[in-house]
Amino acid sequence: MNNLSQNGLLQIFVGLGVSITSFFLNASMNSSKFTLLIFFGGAVFFYGVIKYALFKSFYKELPTKKEEQKSVQEPPHKTTSHNPTEDLLVCQNCATKHYPNANFCQVCGAKLKN
Ligand SMILES: [Zn+2]
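What the sequence shown shows, in our numbering, is residues 397 to 510, in sequence order.
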């Protein structure tokens, strides 16, 4: 659905649908109640056509760009293969965790390394 609204096809179908149903509603009820809706549908339709044309001419490379972004987004998880929580020192006095290079607890000041 998201791609459909992006490339203008949704507007084309919705615009056509609104315009045609309004036209037939006008004809069947023998009134001009829906004339405005016919123009509205037409406007949406042409908006969709323009959007679709722009999408076709400018966004041809979009799928490959999305693939590139995906490949860029994945690595950060892999770089943290080394789990930092394993090396953390736990204070025996107050149980707060500290980086392995710490000598004293930052909360209670107790010595971390014996
Ligand atoms: Zn402590």
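Positions of the beta carbon are idealized from the N, C-alpha and C atoms, including for glycine.
Around the Cβ of residue 434, a 10 Å sphere holds 16 or more other Cβ atoms; the residue is buried.
Counting along the chain, residue 439 sits inside the alpha helix (DSSP H) bounded by residues 431-454.
Non-local beta-carbon contacts of residue 436 in its own chain, meaning distances under 7 Å to residues more than five positions away in sequence, involve 414 in chain order. Per DSSP, the beta bridge partners of residue 500 are 507.
Inclusion of residue 486 and residue 493 in the CB contact set at 8 Å is warranted, their separation being smaller than that value. For residue 404, there is no enclosing alpha helix (DSSP H), since its DSSP letter is neither H nor E. A Cβ-Cβ contact shorter than 8 Å links residue 500 with residue 506. Its chain contains 485, 508 as the residues whose beta carbon lies nearer than 7 Å to that of residue 498, once the 5 sequence neighbours on both sides are disregarded; these appear in chain order. Just measuring C-alpha positions, the residue of 447, 427, 431 sitting nearest residue 408 is 447. Annotation: residue 421 to residue 449 spans about 30 Å, alpha carbon to alpha carbon. Those residues having their beta-carbon less than 6 Å away from any non-hydrogen atom of ligand 1 are, in chain order, 487, 489, 490, 492, 501, 503, 504, 506.
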